[in-house]
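Heads up: the structure comes next, in structure tokens.
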Amino acid sequence: MHLAQLNVAHLVAPIDAPELADFVAALEPIYAVSDSAPGFVWRMMESDDPTEVITHEYGDDLLVNVSVWESREALWNFVYRSAHLEILRRRREWFARTAVPYTLMWWVPEGHTPTLGEAMERLALIRAQGPGPEAFTFKEFYEPGSSTPSPSIAGVPH
């Protein structure tokens, strides 16, 4: 099994606004880091232009990112132990705060590429029911086929 992940964020301004210039400038370098990271499998793209935002029917201010990783550790290392961490630290400059989950994970069979619709269904599920085997977070992580959260592993919070 591989680990799919979804991030959603409401932009504080249109993607071409000056307030988001640093974020847009960071997209290509960060995608290069993710695409070459150990354990990276796939990410959703509309074109070969890394600065092109995925268009969808969920609103122009909603930025989405869907990717697939070999493991929890691989995704954790990209998110928190690479250049991505600096972007994450600056997220409040570019994205509106939200009280509901903005990131989640779920298991997919190897070779499966999740659709945006599938990812958004998982988001609706975690928002309605909280973390569970079908949609979970790093904090409440579920191994494939498990109905209870797994214990933490070294360096990855539970």
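Letter by letter, the sequence shown follows residues 1 to 158 of the UniProt record's numbering. Heads up, the beta-carbon is just placed ideally off N, CA and C, and yes, glycines get one too. Keep in mind it's a predicted model, so treat the numbers as computed, not measured.
In the structure shown, His112 adopts coil according to DSSP, grouped into three states. Taking the C-beta atoms as reference points, Trp106 is found no nearer than 9 Å to Ser67.
The beta carbons of Phe78 and Phe40 sit closer together than 9 Å. Contact check for His2 against Trp76 fails: the beta carbons are separated by 9 Å or more. When DSSP states are grouped into helix, strand and coil, Met44 belongs to the coil group. With contacts defined by Cβ atoms closer than 9 Å, Val33 and Thr103 do not form a contacting pair. Secondary structure of Ser36 (DSSP, three-state): helix.
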